[in-house]
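In our numbering, the protein residues as written are 17 to 175. Input: a single structure, listed below in structure tokens.
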């Protein structure tokens with residue numbers, strides 16, 4: 017097999033894995049889990065029913081994650097029926113999160129994900145950032161892998 021065919025095969029395999037991961041996140045069933053909030057109380061998804069919920073997996077070392085924080089903050093602040101939750105997918109200490117957040121200042125809550133036991137049904141993200149939109153019933157309706165914009169999110173919610 018020549019190098020071009022090998023590269024094509026690898027690209028196809030990666031595309032299939034990412035597509036399968038994204039499709040697995042979208043279902044007809046509501047999801048629920050509870051995660052601790054950085055410097056706050058636990059947050060339970062079922063307590064947010066009636067609102068659109070945007071789950072954004074991110075890490076401090078992830079450059080695209082940093083880039084989308086202003087967009088996610090603006091979206092979070094745009095409507096009282098929208099809640100963005102930042103799911104910190106990183107095994108680090110609270111001080112590192114505090115230092116990062118002092119610089120980037122998201123307007124939405126940051127939840128701490130145990131990287132060894134991430135919340136079901138989503139499990140470990142295959143790439144960061146990863147954003148999952150839940151409708152007001154708590155059903156996952158759209159998944160984005162890679163940076164997301166306010167326009168991307170508005171297109172899902174205001175369809």
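Even for Gly, the Cβ is constructed at its ideal location relative to N, Cα and C. Keep in mind the model is a prediction, meaning the values are calculated, not measured.
Do you know whose CA, among 122, 94, 106, lies nearest residue 167's CA? Taking the first residue of the chain shown as position 1, residue 167 is located at position 151. When each option's Cα is compared against that of residue 167, the closest is 94.
In terms of residues, what are the limits of the alpha helix (DSSP H) holding residue 117? On the chain shown, residue 117 is found 101 positions in, with the first residue counted as 1. Run containing residue 117: 110-120, per the alpha helix (DSSP H) assignment.
Quick one: any contact between the stretch 125-135 and the stretch 147-160, if contact means 3 or more CB pairs under 8 Å? no
Compute the Euclidean distance between the alpha carbons of residue 69 and residue 79, then round it to the nearest angstrom. The residue you call residue 69 lines up with position 53 of the chain shown. The residue you call residue 79 lines up with position 63 of the chain shown. Near 23 Å, if we compare the C-alpha coordinates of residue 79 and residue 69.
CB-CB under 8 Å to residue 91, same chain, minus the five flanking residues each way: which ones, in chain order? If you number the chain shown from 1, residue 91 lands on position 75. If we look at residue 91 and ignore the five residues flanking it on each side, its Cβ neighbours are 70, 98, 100, 166, 169, 170.
Around the Cβ of residue 63, are there at least 16 other Cβ atoms within 10 angstroms (buried) or fewer (exposed)? Here residue 63 refers to the residue found at position 47 of the chain shown. The residue in question, residue 63, is exposed, as its Cβ has fewer than 16 Cβ neighbours within 10 Å.
What does the alpha-carbon distance come out to for the pair residue 174 and residue 72? For the purposes of this step, residue 174 is taken as the residue at position 158 of the chain shown. For the purposes of this step, residue 72 is taken as the residue at position 56 of the chain shown. Answer to the nearest angstrom: the Cα atoms are 19 Å apart.
Cβ-based burial, residue 44 [other Cβ within 10 Å; buried from 16]: Locating residue 44 in the chain shown gives position 28, where the first residue counts as 1. Exposed, by the Cβ-count rule.
Kindly indicate which three-state DSSP category residue 51 falls into: helix, strand or coil? Locating residue 51 in the chain shown gives position 35, where the first residue counts as 1. DSSP places residue 51 in strand when its eight states are reduced to three.
Following the continuous beta strand (DSSP E) through residue 129, name the residue where it begins and the one where it ends. Your numbering for residue 129 matches position 113 in the chain shown. Run containing residue 129: none; DSSP gives neither H nor E here.
Locate the beta strand (DSSP E) running through residue 101, then write down its first and last residues. As a first step, residue 101 must be located in the chain shown, where it is residue number 85. Start and end: 98-104.
For residue 66, collect the residues of the same chain with a Cβ closer than 8 Å to its Cβ; drop the 5 residues on either side in sequence, then sort them by chain order. Along the chain shown, one-based indexing puts residue 66 at 50. These residues qualify, in order along the chain: 97, 152.
As a quick exercise: from 86, 77, 120, 128, pick the residue whose alpha carbon is nearest that of residue 110. Numbered from 1 along the chain shown, position 94 holds the residue referred to as residue 110. Residue 110 has its Cα closest to that of 128, out of 86, 77, 120, 128.
Going by beta carbon distance, what residues of the same chain come within less than 8 Å of residue 120, once the five residues before and after it are set aside? The residue labelled residue 120 in the question sits at position 104 within the chain shown. So the list reads 82, 85, once near-sequence residues are dropped.
I need the boundaries of the beta strand (DSSP E) containing residue 172, first residue and last residue. The count along the chain shown starts at 1 and reaches residue 172 at position 156. No beta strand (DSSP E) holds residue 172; the alpha helix (DSSP H) holding it covers 166-173.
Need the endpoints of the beta strand (DSSP E) that residue 91 sits in, please. Mapped onto the chain shown, residue 91 falls at position 75. Taken as a continuous stretch (DSSP letters only), residue 91 belongs to no beta strand (DSSP E), being part of the alpha helix (DSSP H) at 79-93.
Who are the Cβ neighbours of residue 56 in its own chain at under 7 Å, not counting the five residues just before and after it? To locate residue 56, count along the chain shown from 1; it is residue 40. Only 125 meet the Cβ criterion.
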